[in-house]
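Below: the structure, in structure tokens.
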Amino acid sequence: MAKTPSALIVDTDIQSRFEAKQVVKASGLTISGECSFGMEAVTTAEELRPDVVFLGVTEPVERALQTVEALQSLMPDMPIIVYSATKELDIIRKAMMAGARDFLAKPIKPETLRQSVLAALESEEKRKLRQLGQIPGAATAGTIITVFGAKGGIGKSTISTNVAVSLAGQERASVVIVDLDNGFGDIAGMLDVRPERTLFDMVRDLDMIERDDIERYVVKHELTDLDVLAGPTVLEWRKISPDQVRRVIEFLARNYDTVILDTSGMLNELAEMAVEVATIVLWITTTEYASVKDSLEAMQALKMLSYSQERVRIVMNAISPDDGVRPSVVQDALQRDVFWNIPYDRKVRQGTHLGQPIVVTAPHSIAAKSLADLATVIAGGRVDKGGKLQLPGFKWRGGAAVAEG
Ligand SMILES: Nc1ncnc2c1ncn2[C@@H]1O[C@H](COP(=O)(O)OP(=O)(O)OP(=O)(O)O)[C@@H](O)[C@H]1O
Ligand SMILES: [Mg+2]
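First residue of the sequence shown? That's 82 in our numbering, and the numbers climb one at a time after it.
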């Protein structure tokens with residue numbers, strides 16, 4: 082999805098069509114053409130082959146809905162996003178039944194359209210890969226959370242261990258954390274566990290491993306039931322390929338609810354794989370300007386600016402007490418919202434020295450609360466602080482990342 086997606090605008094109302102064009106342009110998409118409903122829409126779409134159709138539902142709605150249906154049955158791979166000023170649930174429902182992928186209420190924000198298009202294209206891409214058997218079916222796959230950042234020492238391991246421990250503490254959740262830091266990763270040390278085997282052994286034995294064998298390769302974090310798959314030694318890393326590691330991760334995702342990947346901060350093939358395989362990437366940046374700049378460059382290198390907000394979520398971690406850049410600066414630079422904000426807390430370092438994550442050693446500290454809440458939100462839960470924090474979108478409002486609406 083490297084090129085800019087193109088949209089065909091289908092709308093009979095001249096004024097509404099004009100407005101739609103403005104929104105498409107402002108959202109950074111290209112306009113492949115414009116037309117009215119019915120046959121004209123079908124022939125234009127067949128001729129231009131846009132990435133998405135952006136269709137206005139105006140009265141009488143029947144013709145618009147018929148057009149959605151015709152386009153959908155002729156070109157099922159092409160997502161149709163409809164927009165309307167209506168608030169009638171019945172019409173929205175009918176549009177979805179006719180095959181629309183999303184429904185946007187007027188007035189439409191360019192960013193909302195952009196996200197909608199990216200999400201539609203991403204799920205279309207996944208559907209195709211699934212059909213080709215290149216990724217496991219969604220029904221069998223757990224959530225893979227990759228904790229990534231453009232450099233070392235920015236809190237990736239702190240965040241991955243704390244989130245993993247918090248998630249594992251939730252009822253009936255099976256969670257495994259995998260140390261993918263091929264520099265000098267030390268997840269085992271941070272959780273004070275002594276592994277007998279590592280990812281290296283699992284790569285080697287994968288073809289013979291069944292579900293029940295997994296426990297021989299992982300080690301349990303006693304306090305929380307979290308499973309830890311320790312990282313290979315530096316020399317062992319040289320003997321295994323990113324593709325072999327990917328197969329292990331996919332195997333784990335078929336057997337755990339959540340797989341958490343801690344990474345090194347280097348932009349290599351292993352990192353690229355870890356980002357590609359992820360359901361969610363927690364992209365860590367600190368509040369220093371250099372860190373934001375590194376993030377932007379890394380996102381460009383990994384071609385990640387086209388990923389949806391749902392998939393790549395920016396987490397700002399304050400690793401020093403000094404005032405850094407404001408999240409609005411990060412938002413402008415990276416062109417996406419800051420999803421979460423972790424405050425500076427000296428107890429984090431103390432936790433590291435004690436060999437346990439801060440959510441265990443000091444659960445009431447501000448950083449521990451923030452990390453535990455992050456885990457809850459990732460797991461699809463809500464964190465309600467007097468109505469301050471709600472899903473799904475987060476916006477910065479002095480001091481904490483809080484809900485958009
Ligand atoms: N919110 C925070 N407040 C205070 N200190 C923090 C915070 N987050 C992380 N730290 C500290 O920053 C240091 C680096 O954190 P961590 O080891 O998690 O980073 P990393 O990105 O995994 O580094 P590496 O790439 O070297 O593995 C640690 O000493 C940790 O205790
Ligand atoms: Mg680390």
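Glycine included, every Cβ here is placed at the ideal spot set by N, Cα and C.
Predicted model only: the values in this text are computed from it and were never measured.
| field | Proximity below 9 Å, CB of Ile-400 to CB of Ile-235 | value | Position 319 of the sequence shown, counting from 1, holds the residue named residue 400. Position 154 of the sequence shown, counting from 1, holds the residue named residue 235. Pairing Ile-400 with Ile-235 gives a Cβ-Cβ distance under 9 Å.
| Identified DSSP bridge partners for Gly-230 | Here the question's residue 230 lines up with position 149 in the sequence shown. Gly-230 pairs with Ile-365.
| task | Using three-state DSSP, classify Asn-422 as helix, strand or coil. | result | In the sequence shown, the residue the question calls residue 422 occupies position 341. Strand, per DSSP.
| field | Selection from Ala-443, Val-138 and Ala-460 that minimises the alpha carbon distance to Lys-428 | value | Within the sequence shown, the letter at position 347 stands for residue 428. When only C-alpha atoms are compared, the closest one is Ala-443.
| If you draw a straight line from the alpha carbon of Arg-463 to that of Asn-422, how long is it in whole angstroms? | Stepping through the sequence shown from its first residue, residue 463 is reached at position 382. Stepping through the sequence shown from its first residue, residue 422 is reached at position 341. Straight-line Cα distance between these residues: approximately 16 Å.
| task | Please classify Thr-279: does DSSP put it in a helix, a strand, or coil? | result | On the sequence shown, position 198 is the one that residue 279 refers to. Strand at Thr-279.
| Which first and last residues belong to the alpha helix (DSSP H) in which Arg-144 is found? | To locate residue 144, count along the sequence shown from 1; it is residue 63. Taken as a continuous stretch (DSSP letters only), the alpha helix (DSSP H) holding Arg-144 covers 142–155.
| For ligand 1, is there a heavy atom less than 8 Å away from the beta-carbon of Asn-349? | For the purposes of this step, residue 349 is taken as residue 268 along the sequence shown, with counting starting at 1. The answer is no for Asn-349.
| query | Anyone know if the C-beta pair for Asp-404 and Thr-368 falls short of 9 Å? | reply | Residue mapping note: residue 404 aligns to position 323 of the sequence shown, counting from 1. Residue mapping note: residue 368 aligns to position 287 of the sequence shown, counting from 1. Yes, they are a contact pair.
| query | So what's Thr-442 in DSSP terms, helix, strand or just coil? | reply | Against the sequence shown, residue 442 aligns to sequence position 361. Judged by DSSP in its simplified three-state form, Thr-442 adopts helix.
| query | Which stretch, first to last residue, makes up the alpha helix (DSSP H) that contains Asn-263? | reply | Stepping through the sequence shown from its first residue, residue 263 is reached at position 182. Where Asn-263 is concerned, there is no enclosing alpha helix (DSSP H), given that its DSSP letter is neither H nor E.
| Three-state secondary structure (DSSP) at Asp-403? | In the sequence shown, counting from the first residue as 1, residue 403 sits at position 322. Coil.
| field | CB-CB length for Val-246 against His-302, believed under 8 Å | value | The count along the sequence shown starts at 1 and reaches residue 246 at position 165. The count along the sequence shown starts at 1 and reaches residue 302 at position 221. So it is a contact: roughly 7 Å between Cβ atoms.
| field | Local conformation of Asn-243 per DSSP, three classes | value | Sequence index remark: in the sequence shown, residue 243 carries index 162 (1-based). Residue state for Asn-243 is assigned as helix, using DSSP reduced to three classes.
| field | Between the CA atoms of Thr-148 and Met-289 - distance to the nearest angstrom | value | Here residue 289 refers to the residue found at position 208 when the sequence shown is read from its first residue. Here residue 148 refers to the residue found at position 67 when the sequence shown is read from its first residue. The alpha-carbon atoms of Met-289 and Thr-148 are separated by roughly 52 Å.
| query | Would you call the CB atoms of Phe-229 and Thr-344 closer than 9 Å? | reply | Start at 1 with the first residue of the sequence shown, and residue 229 comes out as number 148. Start at 1 with the first residue of the sequence shown, and residue 344 comes out as number 263. Yes, they are a contact pair.
| Taking 8 Å as the line, does the beta carbon of Thr-239 fall inside it for any heavy atom of ligand 1? | The sequence position of residue 239 within the sequence shown is 158, counting from 1. Within the chosen limit of 8 Å, ligand 1 reaches the beta carbon of Thr-239 through at least one heavy atom.
| heavy atom of ligand 2 below 8 Å from Gly-233 C-beta | What you label residue 233 is simply residue 152 of the sequence shown in a count that begins at 1. Here the distance from the Cβ of Gly-233 to the nearest heavy atom of ligand 2 is below 8 Å.
| message | From the DSSP secondary-structure annotation, give me the bridge partner or partners of Phe-135. | response | As a working mapping, residue 135 is identified with position 54 in the sequence shown. By DSSP's assignment, Phe-135 forms a beta bridge with Ile-90 and Ile-162.
| query | Hey, how far is the Cα of Leu-304 from the Cα of Val-340? | reply | Start at 1 with the first residue of the sequence shown, and residue 304 comes out as number 223. Start at 1 with the first residue of the sequence shown, and residue 340 comes out as number 259. Rounded to the nearest angstrom, the two C-alpha atoms are 18 Å apart.
| field | the stretch 293–300 touching the stretch 319–326, judged by at least three CB pairs closer than 8 Å | value | At 8 Å Cβ cutoff, the stretches do not touch.
| request: Can you give me the start and stop residues for the alpha helix (DSSP H) that Gly-114 sits inside? | output: Taking the sequence shown and counting its residues from 1, one reaches residue 114 at position 33. First-last for Gly-114: 111–116, but that is the beta strand (DSSP E), not the alpha helix (DSSP H).
| Cβ of Ala-249 within 9 Å of Cβ of Gly-312? | Reading the sequence shown from its first residue, position 168 is the one you call residue 249. Reading the sequence shown from its first residue, position 231 is the one you call residue 312. Cβ atoms of Ala-249 and Gly-312: not closer than 9 Å.
| task | Report whether the distance from the Cβ of Gly-266 to the nearest heavy atom of ligand 2 is below 8 Å. | result | As a working mapping, residue 266 is identified with position 185 in the sequence shown. Closer than 8 Å to some heavy atom of ligand 2: that describes the Cβ of Gly-266.
| Between which two residues does the beta strand (DSSP E) harbouring Thr-305 extend? | As a working mapping, residue 305 is identified with position 224 in the sequence shown. No beta strand (DSSP E) contains Thr-305, which DSSP labels as neither H nor E.
| message | Let me check you understand the geometry: is the CB of Asp-158 closer than 8 Å to at least one non-hydrogen atom of ligand 2? | response | Numbered from 1 along the sequence shown, position 77 holds the residue referred to as residue 158. Every heavy atom of ligand 2 is 8 Å or more from the Cβ of Asp-158, so no.
| request: Ignore the nearest five residues each way along the sequence and tell me which others in Gly-109's own chain have a CB closer than 8 Å to its CB. | output: The residue labelled residue 109 in the question sits at position 28 within the sequence shown. Thr-85, Pro-191 and Arg-195, listed in sequence order.
| said: Excluding the 5 residues flanking Arg-53 on each side, which residues of the same chain have their C-beta closer than 8 Å to its C-beta? | reply: Since the first residue of the chain shown is 82 and the last is 486, residue 53 is not available in this structure.
| message | For Ser-97, which residues in the same chain have their Cβ closer than 7 Å to its Cβ, ignoring the five residues on either side in sequence? | response | One-based indexing of the sequence shown puts residue 97 at position 16. The residues Gly-137 and Thr-139, in chain order, have a CB closer than 7 Å to that of Ser-97 in the same chain once the five nearest residues on each side in sequence are set aside.
| said: At the level of alpha carbons, what is the spacing between Gly-474 and Leu-316? | reply: Your numbering for residue 474 matches position 393 in the sequence shown. Your numbering for residue 316 matches position 235 in the sequence shown. Note that Gly-474 has pLDDT 32, beneath the 50 cutoff, so the model's placement of it is unreliable and no number is given.
| Which of helix, strand or coil DSSP assigns to Leu-287 | What you label residue 287 is simply residue 206 of the sequence shown in a count that begins at 1. Looking at Leu-287 - three-state DSSP - the assignment turns out to be helix.
| query | According to the Cβ coordinates, are Val-163 and Leu-199 closer than 9 Å? | reply | As a working mapping, residue 163 is identified with position 82 in the sequence shown. As a working mapping, residue 199 is identified with position 118 in the sequence shown. Not a contact, by the Cβ cut-off of 9 Å.
| message | In the DSSP output, which residue or residues are listed as bridge partners for Leu-342? | response | Locating residue 342 in the sequence shown gives position 261, counting from the first residue. According to DSSP, Leu-342 bridges with Thr-227 and Val-259.
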